[in-house]
Amino acid sequence: MPEVTIENVLTDANLFAAWSKVRGNKGSAGVDGQTIEDFEMDLMTNLDLLRMEVRAGTYRPKPLLRVYIDKKSGGKRPLSIPSVRDRVIQTAVALVLTPRFEAEFEDISFAYRKGRSVDQAIRRIMRLRDQGYRWVVDADIDDFFDEIDHGLLMEEVEKLIDDTTILKLIRQWLSVQVVDGKRRWRLKKGVPQGSPISPLLSNLYLDHLDEALLGENLKLIRFADDFVILCKKLSRAEDALELTEEILESLRLRINEEKTRLVNFQRGFRFLGAQFIRSLVFKLKDPASPFSIGSGTSSSIKRTKKSTPDSKEKENGTATEHSETPMTVMAQAFAEAGLDENDFPEHSGHPAESDLLSEAEPEEALISHDPRLRTLYLMEHGYVLGKESERLVITKDDRAIKEIPAIKVDQIMVFGNAQITTQAMQFCLRERIPIFLLSGRGRYYGVIDSFDTEPVLLHRDQFAQAADGAFCLKLAREFVRGKIANCRTLLQRQVRKRGIAELPRAVEDMQKIMLRLDEAENLDQLRGLEGIAARIYFGAIGKLLDPEWGFRGRAKRPPPDPVNAVLSYGYTLLFYNIYTFLRVRGLNPHIGFLHPLRMGHPALASDLMEEFRAIIVDTVVLNLVLNHRLTPRHFDRSEDPKRPCLLNREGRTLFIQELEKRMNTRVRHPNSGLQTDYRRCMEYQVRHLVRVLRGQENRYRPMRMR
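Our numbering applies: residue 4 is where the sequence shown begins, and numbers increase by one.
Next comes the structure, spelled out in structure tokens:
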């Protein structure tokens, strides 16, 4: 492998090789108007001048010329064209860097790499399908090339290159100006499509994604920013998609939710200009058009040139010769018969194909995906959370207890005397993983959280709406409506199960209060109605419980009985799940609309958790208590009435296990219709709230279960 130095870049042989590639691509002139022919007229002088400028440190790239070309799917694709001289030096650098970068790249990456093709990627998919990998994460990265973070990219480049001049050149090319008519701006992120160095850099940027997914033993096939992950089970595909979102978030990228889905071969999907369906793969005439493979005799079936991925290569000046997508004998026979997509029903009834979907993996699970929040609980005295490489490590007495990939953790809750090292804390701050500090009994002390990248415009909207009394009342009314409705639903379910005489009256009274919510003229009146409904609700809960529990209604500070103790503990955990989602979505958790603003209290988290109290925490508590899984032995009680009743360690462990199960329970979101889990429902409501605050939706709709 040749040494990566600027002198190797500037050798005569390398510069001539670079020039030959630029001339062979026959690109247009850049912003300076110099054509390839113009450059060639005085080739030796131009190459020598380029070499001297780079060595002397006086080289400066010219601005990129923004042009737009037609996309087969409609619309325009922006390209940023460097000048001919800049294309030559970029290509010269790319020629020297490629062997070094290639040694790092994974075998599952097929774009912009010599000897790799669309054909090979499709054949690998076919092999995996034949091995039983029938579920597919069909993923799309939102604006990948324009969203690449320069800082993260250069961190990866610097791991492979020591030469300061080459690093300086790459930084210059990344931050160059762009000219579009009369408009001029400087790139702050992204790699320009049209620059010879961009394909190499974009592959390096996604190499972390490749390594992370392969490290989880996932079957990935990637062609630039287009990729699929093949799995044998739907649950594995769901986990793969969740992990992918987490990895991309660490790269400051995001999934295009509209174009990303979970599918299987029975339903069919498109990738790299081919249609996969069941055991067949068809070449599409135009990947952007409806499924079409033509009809007639075999002589009328033409293999068209590759589509989008190849077009991207040519636009970047890096096209290599690829073989065509394979047309199998069966696919050709179907094409000759004039079959199309409508000839393949989703449910064939054939046993061999029906078995692809088990009862645990229903077809309705093919839905869009929202991220799940993963919580790491540190509850044991003497546990120490540290960091090694990209993993969080829990130790006790210098003995490793557990290792967790850091990318799988969204928040950390530290109870009691568990500790966290400075290295782990710094890593969590960098990765924006909040660390909540609580007492061993669940009392909140504080949070270690990074507040480094605030979405100022969203905060502006949030503060403006919070200052609007009418808006606050309207939004707060929906928070309360959702809370009372879900409390009422929980009681209705208990009416059907237990037939306690007092419960129907409580259900009826809560319905009357809901009808009065629209009459509230201010927040104080609204809070008063909420308080009345809460007393009725918890009074009815008390009728469900054995008198030995001593529950006489909701009491918080301190909780005087076991039921109040476990309710408070559950509400604390729910609160900080909501808090984290608010932070992830860029909202200020302290600016609320129902709960008043006060020092140190994230009022918005209290607002949004109201609709989830009954359907998550109260449901778990009643299940544990009424089924005698929580008993008095799970609590520490004092004879002193001023001392709180608290869950002991065994009780906390049991409750957290059941709460996590509830969080991960699959439900159909009543507003969106998505089949999802409760954590994703919380995240959905936070995103819905953001749209309301920005004026993109007229009314907040709480999640009301039926």
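Don't be surprised by glycine CBs; every beta carbon is placed ideally from N, CA and C. All values reported here derive from a predicted model rather than from experimental measurement.
Report task. Could you tell me the boundaries of the beta strand (DSSP E) in which Ser734 lies? Result -> In the structure as shown, the chain begins at 4 and stops at 709. Residue 734 is therefore absent and cannot be evaluated.
Query raised in the report: For Asp143, which residues of its own chain have a beta-carbon under 6 Å away from its beta-carbon, when the five flanking residues on both sides are left out?
Result: Residue mapping note: residue 143 aligns to position 140 of the sequence shown, counting from 1. These residues qualify, in order along the chain: Asn259, Lys262 and Thr263.
Query raised in the report: Just the Cα atoms here: how many angstroms apart are Glu105 and Thr425?
Result: Looking up residue 105 in the sequence shown gives position 102. Looking up residue 425 in the sequence shown gives position 422. Roughly 36 Å between the two C-alpha positions.
Query raised in the report: Using a Cβ-Cβ cut-off of 7 Å (strictly less than) and excluding sequence neighbours within five positions of Ile503, which residues of its own chain qualify?
Result: As a first step, residue 503 must be located in the sequence shown, where it is residue number 500. Closer than 7 Å at Cβ, skipping near neighbours: Lys546 and Leu547.
Report task. Please confirm if the stretch 208 to 218 is in contact with the stretch 154 to 172, defined as three or more CB-CB distances below 8 Å between the two stretches. Result -> yes
Query raised in the report: So is Gly573 buried or exposed if we call it buried at 16+ other beta carbons inside 10 Å?
Result: The residue given as residue 573 occupies position 570 in the sequence shown. Gly573 comes out buried.
Query raised in the report: Starting from Asn701 and walking both ways along the alpha helix (DSSP H), at which residues does that stretch end?
Result: One-based indexing of the sequence shown puts residue 701 at position 698. Premise fails: Asn701 is in no alpha helix (DSSP H) and is neither H nor E.
**Report entry** Own chain residues within Cβ distance below 8 Å of Gly135, not counting five before or after
**Finding:** The residue you call residue 135 lines up with position 132 of the sequence shown. Taken in chain order, the residues that qualify are Lys235.
Query - Beta bridge counterpart(s) of Asp228 as assigned by DSSP - result: Indexing the sequence shown from 1 puts residue 228 at position 225. For Asp228, which the question treats as bridged, DSSP gives no partner whatsoever.
Report task. Return helix, strand or coil for Thr656, following the three-state DSSP convention. Result -> Locating residue 656 in the sequence shown gives position 653, counting from the first residue. Thr656: helix per DSSP, three-state reduction.
Query raised in the report: For the alpha helix (DSSP H) that contains Tyr208, what are its first and last residues?
Result: Position 205 of the sequence shown, counted from the first residue, corresponds to residue 208. Ser201 to Gly218 is the span of the alpha helix (DSSP H), which, as asked, contains Tyr208.
Query raised in the report: If we count Cβ pairs, one from each stretch, closer than 8 Å, do we get three or more for the stretch 588 to 604 versus the stretch 623 to 636?
Result: no
Requested in this report: Using DSSP bridges, identify the partner residues of Asp73.
Outcome: Taking the sequence shown and counting its residues from 1, the one referred to as residue 73 is at position 70. Looking at the DSSP assignment, Asp73 forms a beta bridge with Lys79.
Query raised in the report: With contact counted as at least three CB pairs below 8 Å, one residue from each stretch, are the stretch 180 to 197 and the stretch 94 to 112 in contact?
Result: no
**Report entry** CB contact below 8 Å: Ile436 versus chain E
**Finding:** Note that chain E does not occur in the displayed structure, where there is just one protein chain.
Requested in this report: Using the Cα positions of Asn17 and Gly30, report the straight-line distance between them to the nearest angstrom.
Outcome: Residue mapping note: residue 17 aligns to position 14 of the sequence shown, counting from 1. Residue mapping note: residue 30 aligns to position 27 of the sequence shown, counting from 1. So the alpha carbons of these two residues sit roughly 20 Å apart.
Query raised in the report: Who are the near neighbours of Glu219 in its chain, counting only those whose CB is closer than 7 Å to its CB and skipping five residues on each side?
Result: Along the sequence shown, read from residue 1 onward, the residue named residue 219 stands at position 216. Result list for Glu219: Leu246, in chain order.
Query - Where the alpha helix (DSSP H) containing Leu100 begins and where it ends - result: The residue you call residue 100 lines up with position 97 of the sequence shown. Per DSSP, Leu100 belongs to the alpha helix (DSSP H) from Val87 to Glu105.
Query raised in the report: Roughly how many angstroms separate the alpha carbons of Tyr540 and Arg557, rounded to a whole number?
Result: For this step, residue 540 is matched to residue 537 along the sequence shown. For this step, residue 557 is matched to residue 554 along the sequence shown. Whole-angstrom Cα-Cα distance: 9 Å.
Query raised in the report: Who are the near neighbours of Cys475 in its chain, counting only those whose CB is closer than 7 Å to its CB and skipping five residues on each side?
Result: As a working mapping, residue 475 is identified with position 472 in the sequence shown. Here the set comprises Ala469, Leu526 and Phe596.
Query raised in the report: Helix or strand or just coil, what does DSSP make of Ser23?
Result: The residue you call residue 23 lines up with position 20 of the sequence shown. Correct three-state label for Ser23: helix.
Query raised in the report: What's the call for Tyr681, buried or exposed, on a 16-neighbour Cβ count within 10 Å?
Result: Taking the first residue of the sequence shown as position 1, residue 681 is located at position 678. The residue in question, Tyr681, is buried, as its Cβ has 16 or more Cβ neighbours within 10 Å.
Query raised in the report: How would you label Ile72, buried or exposed, when you count the other beta carbons within 10 angstroms and need 16 or more for buried?
Result: Within the sequence shown, residue 72 is the residue found at index 69, counting from 1. Flag for Ile72 reads exposed.
**Report entry** Best match in Arg683, Asn674 and Thr679 for proximity to Tyr703 [C-alpha to C-alpha]
**Finding:** What you label residue 703 is simply residue 700 of the sequence shown in a count that begins at 1. The option with the nearest alpha carbon to Tyr703 is Asn674.
Report task. Let me know if Lys222 comes out buried or exposed under the rule of 16 or more other beta-carbons within 10 Å of its beta-carbon. Result -> By one-based count along the sequence shown, residue 222 stands at place 219. Counting Cβ neighbours within 10 Å, Lys222 comes out buried, since at least 16 surround it.
Requested in this report: Alpha carbon to alpha carbon, how far is Leu68 from Lys191? Give it in angstroms, no decimals.
Outcome: Position 188 of the sequence shown, counted from the start, is the residue given in the question as residue 191. Position 65 of the sequence shown, counted from the start, is the residue given in the question as residue 68. Looking at the two C-alpha atoms, the distance is approximately 16 Å.
Query - Rounded straight-line distance, which links the Cα of Asp242 to that of Leu256 - result: Taking the first residue of the sequence shown as 1, we reach residue 256 at position 253. Taking the first residue of the sequence shown as 1, we reach residue 242 at position 239. Going by the C-alpha atoms only, they are around 18 Å apart.
Query raised in the report: What is the residue span of the alpha helix (DSSP H) that Gly472 lies within?
Result: Numbered from 1 along the sequence shown, position 469 holds the residue referred to as residue 472. Unbroken alpha helix (DSSP H) run through Gly472: Gly472 to Arg501.
Report task. Put Thr311 into one of helix, strand or coil per three-state DSSP. Result -> Stepping through the sequence shown from its first residue, residue 311 is reached at position 308. Caution applies to Thr311, whose pLDDT of 37 falls short of 50 and renders its modelled position unreliable; the value that the coordinates give is listed next. The answer is helix: DSSP assigns Thr311 an H, G or I state.
Report task. Would you mind reading off the limits of the beta strand (DSSP E) that contains Ala277? Result -> Here residue 277 refers to the residue found at position 274 when the sequence shown is read from its first residue. From DSSP, the beta strand (DSSP E) with Ala277 extends over Ala277 to Ile280.
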